[in-house]
Structure formats: structure tokens, C-alpha cells
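Just so we're aligned: the sequence shown equals residues -34 to -1, 1 to 233 in mature numbering (1 follows the signal peptide of the UniProt record, and there is no 0). Idealized CB from N, CA, C, for every residue including glycine.
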Amino acid sequence: MTRTRTFLTGPARASSVVLALTALLLPTAACSHGAPTATGSTGATNTTGASAGLGLSKVLFLGDSIAAGEALPLAAALKAGGVGFRSIAADGGGNVVGPFSDKHWKTLPGQIASAGPTVVIYQITTYDWGGRQEQEDAYGRLLTTVTRSGAELVFVTMPPIRPDDFYKPHMADLNRTPDAARAVAARSSGRAAVLDAGAVWGRTYRRAEGGRAYRSTDGIHTCPQGAARFTGWLLTELARLFPGFTPPDPRSWANTGWSADARFHGC
């Protein structure tokens, strides 16, 4: 079967994202109405409020290759909103528990300290394998590292994936990561929150919606429209957690060239 590609390359792809943003991003963000809740069922899990510190002045973004793609529009959006941004999302890793995490932990504390963030966002990765206690211990270690640097921590749940033979043995581990993160946030005295990205992606992998491709054909990564949708949602959620931050107009960041990046494939 021949697939119709919603996104083109270069200017045509960027224009497609721009045209869809006004109609798409704001209704998408509205999927998680209400103040942060203790359950995290609709958005943020944060029992006392993560905005008590320095606010949203500089963001450090952590995660795997999914996050690396999302970082492209997020960087443009936060720049437009006057917020400093750095991504250290890593292809084939970026995780704090599971394979490669021992190697990652050798450099992560220094990376966090040198970035000087006020907020660290950790999108849970597709490599966060391990038992429940292993996951909680690693997320707790990340929280301790972040708070020692003077920052606050925001966990973001990962998009659902279409698992191949590589991922199938680890899906039970990945499915419990939100609960492990919520347990750590509940003990954080308000220094951590959990955002449920199900408002963006749903609960199962869907490549397209309404004639637009949001996810790659590889079953894992995002397409430009999906990354834009995620960015619009995340900006709204960050504004809830950090009331001094106002999300910028999507027109200020949608057509800045990021949608033509070669990282977006299978779209």
C-alpha cells in the first residue's frame, strides 16, 4: 500500500506545520484542563507546586532520541518565550535506569551542574528498563542531583510505541515508569512534578490522525506535527506549574526551520 505523506521537506513541510498549529495546538493543550492533581491522570502530578523556586528561566531537557526530535521545536518555542534552553537528549540512551545508564551517570551530574538550569525536564525514555524499585531509585537519584544543583524536576511520560522484537521483552518495565516517577514526585516536597503526555499521544501508538502524520513509520519517533503538538501541550503545562511563564504565540516558533531537520524520518 502506498502511504500519503502529510509532511514534505523544506519550506513546504514548515508551511504545513504553521497552517495546522493554530487549529491544532490550542485544542490539544486543552485536553489536560485543570490544576495539577495528585493522581496525574490529566496532566501534572505535583502535590505542593513546583513553582516555588527560581521559576522557568532556563530549561535543561533530558531523554532519548524521541526527546531529541521534540527538542527541535521546543528550543524554538522557549527561545521565543524568553526562556533559556539546552537539550542533552541522546540517541540510543539518555536514560537514568536500565542499559547504558551507568555510563550516563558518569557525566550527567556535571552536565546538569554546568547547564545551571532552574528546571530539568526528563522525558522518560524507551530504555528505562528495570524493576519498580530500580526505577524509583534511579528517579530519586535524578531528583537529588537536580535539587542539589538548585533546580526543580519535571518528569514527562514517554509516547506509546509500537514495540518490535527489541522492545517487546521490556514493555512491562516501560509501562510502570509513570507510577515510579509519581512515587518519587510524591516524596519530593514539591520539587518534582509528573506530566502525563497521554493528552498528546493517547494510550496506544497512532501514526496519524485527521490526515496528519504525528509519528514515524518506525513506531517509535515523532514527525514534525507530532513534535509541534507535544511542544504546544508542554508549554501550556509548564505555564500551569510556573505561573510567571506565558507560552509564546505558535506563529513565533513554528516556521523557524526546525521541521525540515533530517531527524524527522518515516513521516
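Inset, instruction - Under 6 Å Cβ to Cβ from Val63, same chain only, skipping five residues before and after it: list those, please. - result: Locating residue 63 in the sequence shown gives position 97, where the first residue counts as 1. Correct list, in chain order: Asp94, Gly96, Glu100, Gln101 and Ala104.
Inset, instruction - Taking Arg172 as the reference, give the member of Cys233, Leu119, Arg114 and Leu26 with the closest Cα. - result: Counting from 1 along the sequence shown, the entry for residue 172 is found at position 206. It is Cys233.
Legend entry - Sub-7 Å separation of Gln89 and Gly29 beta-carbons: Translated into positions along the sequence shown, residue 89 becomes position 123. Translated into positions along the sequence shown, residue 29 becomes position 63. Contact flag set, yes.
Legend entry - Cα-Cα separation, Thr202 to Asp57: To locate residue 202, count along the sequence shown from 1; it is residue 236. To locate residue 57, count along the sequence shown from 1; it is residue 91. Cα to Cα, the separation comes out at about 27 Å.
Inset, instruction - Pick out whichever of Gly76, Ser225, Asn141 and Thr73 has its Cα sitting closest to the Cα of Arg98. - result: Within the sequence shown, numbered from 1, the residue matching residue 98 stands at position 132. The shortest C-alpha separation from Arg98 is found at Asn141.
Inset, instruction - Determine contact between the region 144 to 161 and the region 116 to 128, defined as no fewer than three beta-carbon pairs at a distance below 8 Å. - result: yes
Inset, instruction - Between the Cα of Gly48 and those of Gly60, Leu22 and Ala37, spot the shortest distance and give me the residue it belongs to. - result: Position 82 of the sequence shown, counted from the first residue, corresponds to residue 48. The candidate whose alpha carbon is nearest that of Gly48 is Leu22.
Legend entry - Pro83 burial status per 10 Å Cβ neighbour count (16 or more: buried): Translated into the one-based positions of the sequence shown, residue 83 becomes position 117. The residue is buried, with at least 16 neighbouring Cβ atoms inside 10 Å.
Inset, instruction - Have a look at Ile54 and Gly176 and give me their C-alpha separation to the nearest angstrom. - result: On the sequence shown, residue 54 is found 88 positions in, with the first residue counted as 1. On the sequence shown, residue 176 is found 210 positions in, with the first residue counted as 1. Cα to Cα, Ile54 sits roughly 32 Å from Gly176.
Legend entry - Pairwise C-alpha distance: Ala179 and Arg(-30): The residue you call residue -30 lines up with position 5 of the sequence shown. The residue you call residue 179 lines up with position 213 of the sequence shown. In this prediction, Arg(-30) has a pLDDT of 25, which is less than 50 and means its spatial position is unreliable; nothing more can be read from the coordinates.
Legend entry - Reduced DSSP category for Gly232 - H, G, I as helix; E, B as strand; rest coil: For this step, residue 232 is matched to residue 266 along the sequence shown. Here Gly232 sits in coil by DSSP.
Legend entry - Beta-carbon proximity of Ala43 to Trp219, cut-off 7 Å: Within the sequence shown, the letter at position 77 stands for residue 43. Within the sequence shown, the letter at position 253 stands for residue 219. In contact: Ala43 and Trp219 (Cβ atoms closer than 7 Å).
Inset, instruction - Can you give me the start and stop residues for the beta strand (DSSP E) that Ser53 sits inside? - result: In the sequence shown, the residue the question calls residue 53 occupies position 87. Unbroken beta strand (DSSP E) run through Ser53: Gly50 to Ser53.
Legend entry - Euclidean distance between Cα positions of Leu36 and Ala194: Stepping through the sequence shown from its first residue, residue 36 is reached at position 70. Stepping through the sequence shown from its first residue, residue 194 is reached at position 228. As written in the sequence, residue 36 is Glu, which differs from the Leu given in the question. Cα to Cα, Glu36 sits roughly 8 Å from Ala194.
Legend entry - Cβ shell of Leu204 (< 7 Å), same chain only, five flanking positions each side left out: Locating residue 204 in the sequence shown gives position 238, counting from the first residue. Leu22 and Phe211, listed in sequence order.
Legend entry - With 16 other Cβ atoms within 10 Å as the buried cut-off, status of Ser31: Position 65 of the sequence shown, counted from the first residue, corresponds to residue 31. Ser31 should be labelled buried.
Inset, instruction - Using the DSSP secondary-structure output, state which residues sit across from Ile87 in a beta bridge. - result: Here residue 87 refers to the residue found at position 121 when the sequence shown is read from its first residue. Partner(s): Phe27 and Val120.
Inset, instruction - Go ahead and pull the three-state DSSP assignment for Val62. - result: As a first step, residue 62 is located in the sequence shown; it is residue number 96 there, counting from the start. Looking at Val62 - three-state DSSP - the assignment turns out to be coil, as it is neither helix nor strand.
Inset, instruction - Kindly indicate which residue of Ser67, Pro135, Arg217 and Ala228 has the alpha-carbon position closest to the one of Asp91. - result: The residue you call residue 91 lines up with position 125 of the sequence shown. According to the sequence shown, residue 91 is Thr rather than Asp. Of the candidates Ser67, Pro135, Arg217 and Ala228, the one whose C-alpha sits nearest the C-alpha of Thr91 is Ser67.
Inset, instruction - On a CA-only basis, which of Pro213, Lys24, Ile186 and Arg128 is nearest Gly50? Give me that one, please. - result: Working through the sequence shown from its first residue, we reach residue 50 at position 84. Minimum Cα distance to Gly50 is reached at Lys24.
Inset, instruction - Could you name the residues that DSSP lists as bridge partners for Ala42? - result: Your numbering for residue 42 matches position 76 in the sequence shown. Within the DSSP bridge table, the entry for Ala42 names no partner.
Inset, instruction - Tell whether a beta-carbon distance below 7 Å holds between Ala81 and Leu26. - result: In the sequence shown, the residue the question calls residue 81 occupies position 115. In the sequence shown, the residue the question calls residue 26 occupies position 60. Cβ atoms of Ala81 and Leu26: closer than 7 Å.
Legend entry - Separation of Ala228 from Gly60, as counted between CA atoms: In the sequence shown, counting from the first residue as 1, residue 60 sits at position 94. In the sequence shown, counting from the first residue as 1, residue 228 sits at position 262. Per the coordinates, the alpha-carbon of Gly60 lies some 20 Å from the alpha-carbon of Ala228.
Inset, instruction - Return helix, strand or coil for Gly6, following the three-state DSSP convention. - result: As a position in the sequence shown, residue 6 is number 40, starting the count at 1. At Gly6, the pLDDT of 36 sits below 50, so the modelled position is not reliable and the matter cannot be decided from this model.
Legend entry - Ser155 versus Phe230: straight-line alpha-carbon distance, rounded: Counting from one through the sequence shown, the residue named residue 155 turns up at place 189. Counting from one through the sequence shown, the residue named residue 230 turns up at place 264. Distance between the alpha carbons of Ser155 and Phe230: 38 Å.
Inset, instruction - Output the boundary residues of the alpha helix (DSSP H) element that contains Ala146. - result: Taking the first residue of the sequence shown as 1, we reach residue 146 at position 180. Element bounds for Ala146: Met137 to Ala152.
Legend entry - Burial state of Asp139 (16 or more Cβ within 10 Å): To locate residue 139, count along the sequence shown from 1; it is residue 173. Buried: at least 16 other Cβ atoms inside 10 Å.
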